[in-house]
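Shown next, in structure tokens, is the structure this report addresses.
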Amino acid sequence: MHRDGDGTSGVGDTTQDLDFEHADYGGAEEPGGAGPLVCGICKAPISDTYFTWGGAIVCARCEGPAREAGPGGSALTRFLGAVAAGSVAAIIGSAFWMLITTVTGYEIGLIAIAVGWIVGVAIQIGNRGVGGLPYQLAAVFLTYTAIVMTYVPMLATQLEASWTEPASERLADANDAFDLEGGELGEADDAPMSNEAATTAAWVVAIPIAYAVPFLSGFENAIGILIIGFALYQSWRMTTKRQIQWGGPFQVGGDGVA
């Protein structure tokens, strides 16, 4: 974690090289348990008083600046970092799901829950573990987007096929459907939409349609909707607001608060 300005009040010049943004959550004690505790921030041995910060051990010298610094970065940079990390996770999760579907031929809905977990982890990394409502909303949106984007290739293929079908064939189908008595709807230009235009338009149109696909089948897709709900809840729960928990002061070799 960092502080604005170039000083750290009440700690002295020795804190200038300390990294309050990255605390070491392991290696607090020498092998065998007989060695001294080591501060997760300044890496100095602790022989008297120490604090706990989440899972990290913090010496008395680093405790004040670390508390004052708070979460690293501004609220905006944390949010942008969370969205960026979550977006990457959503793309990876969606691509993995499509790969599994292509290889196996089955759409395994339970992968959606894994996608929600991956997105939640990525957003928590991006927001430096702060969490909160903006991150929860972003997590839910990115998780749902990752899920529905798996429908886009199928939708785009169907749309492209319908748009590149010769107009005369579409007209013949319409005449058959209407069962006209000896009459026809008219003549049609037999030139279909170009393949390039149809492909581009199909993908553009398929994306917004994909967001509604899980609900188009109604109760027939109840299980699918339920699985998606679990995935969204997973990402929502993982990005709830969290407070950094401090403990201490503790005395080295003691059993309680100093």
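With the working numbering, letter number 150 in the sequence shown gets 163, and the count goes up by one each step, no holes. Think of the CB as a built atom: it goes at the ideal place given N, C-alpha and C, for glycine as much as any other residue.
Query raised in the report: When the Cα atoms are used, what is the spatial distance from residue 60 to residue 256?
Result: Against the sequence shown, residue 60 aligns to sequence position 47. Against the sequence shown, residue 256 aligns to sequence position 243. If you take the alpha carbons of residue 60 and residue 256, they lie about 28 Å apart.
Query raised in the report: Terminal residues of the continuous beta strand (DSSP E) containing residue 260?
Result: Indexing the sequence shown from 1 puts residue 260 at position 247. Membership of residue 260 in the beta strand (DSSP E) is indicated by the continuous run 259-264.
Query raised in the report: Which first and last residues belong to the beta strand (DSSP E) in which residue 143 is found?
Result: By 1-based counting over the sequence shown, the position of residue 143 is 130. Following the DSSP letters along the chain, one finds residue 143 in no beta strand (DSSP E), marked with neither H nor E.
Query raised in the report: Within this structure, are the beta carbons of residue 168 and residue 132 separated by less than 7 Å?
Result: Here residue 168 refers to the residue found at position 155 when the sequence shown is read from its first residue. Here residue 132 refers to the residue found at position 119 when the sequence shown is read from its first residue. Taking 7 Å as the Cβ cut-off, residue 168 and residue 132 do not qualify as a contacting pair.
Report task. Grab me the residues of residue 35's own chain with a C-beta within less than 7 Å of its C-beta, minus the 5 sequence neighbours each way, in chain order. Result -> Here residue 35 refers to the residue found at position 22 of the sequence shown. Summary for residue 35: the model assigns pLDDT 45, below 50, so the residue's position carries little reliability; its value from the coordinates is reported in the next sentence. Apart from the 5 residues on each side of it in sequence, residue 35 has no Cβ closer than 7 Å to any other Cβ in its chain.
**Report entry** residue 212 in three-state terms, based on DSSP
**Finding:** As a working note, residue 212 is residue 199 in the sequence shown. Shown here, residue 212 sits in a helix according to DSSP, grouped into three states.
Requested in this report: Would you kindly work out how many angstroms separate the C-alpha atoms of residue 158 and residue 52, rounded to a whole number?
Outcome: As a first step, residue 158 must be located in the sequence shown, where it is residue number 145. As a first step, residue 52 must be located in the sequence shown, where it is residue number 39. One C-alpha to the other measures close to 42 Å.
Query - Beta-carbon gap between residue 171 and residue 249 smaller than 7 Å - result: Within the sequence shown, numbered from 1, the residue matching residue 171 stands at position 158. Within the sequence shown, numbered from 1, the residue matching residue 249 stands at position 236. Not a contact, by the Cβ cut-off of 7 Å.
Requested in this report: Could you tell me the distance, in whole angstroms, from the CA atom of residue 142 to the CA atom of residue 209?
Outcome: Numbered from 1 along the sequence shown, position 129 holds the residue referred to as residue 142. Numbered from 1 along the sequence shown, position 196 holds the residue referred to as residue 209. A direct Cα-Cα distance of roughly 45 Å separates residue 142 from residue 209.
**Report entry** Nearest candidate by alpha-carbon position, reference residue 11, set 252, 262 and 260
**Finding:** An answer regarding residue 11 cannot be provided, because it is not within the stretch 14 to 271 covered by the chain.
Requested in this report: Tell me the start and end of each unbroken alpha helix (DSSP H) in the stretch 102-141 that is at least 4 residues and wholly inside, in chain order.
Outcome: List check, alpha helix (DSSP H) in window: 124-139.
Query raised in the report: Going straight from the alpha carbon of residue 245 to that of residue 265, what length do you get?
Result: As a working note, residue 245 is residue 232 in the sequence shown. As a working note, residue 265 is residue 252 in the sequence shown. Across the structure, residue 245 and residue 265 are spaced so that their CA atoms are roughly 44 Å apart.
Requested in this report: Using three-state DSSP, classify residue 256 as helix, strand or coil.
Outcome: To locate residue 256, count along the sequence shown from 1; it is residue 243. Three-state result, residue 256: coil.
Query - Whole-angstrom C-beta distance between residue 139 and residue 77, which should lie under 8 Å - result: Position 64 of the sequence shown, counted from the start, is the residue given in the question as residue 77. Position 126 of the sequence shown, counted from the start, is the residue given in the question as residue 139. Not quite, the Cβ-Cβ distance comes to about 27 Å (not below 8 Å), so this is no contact.
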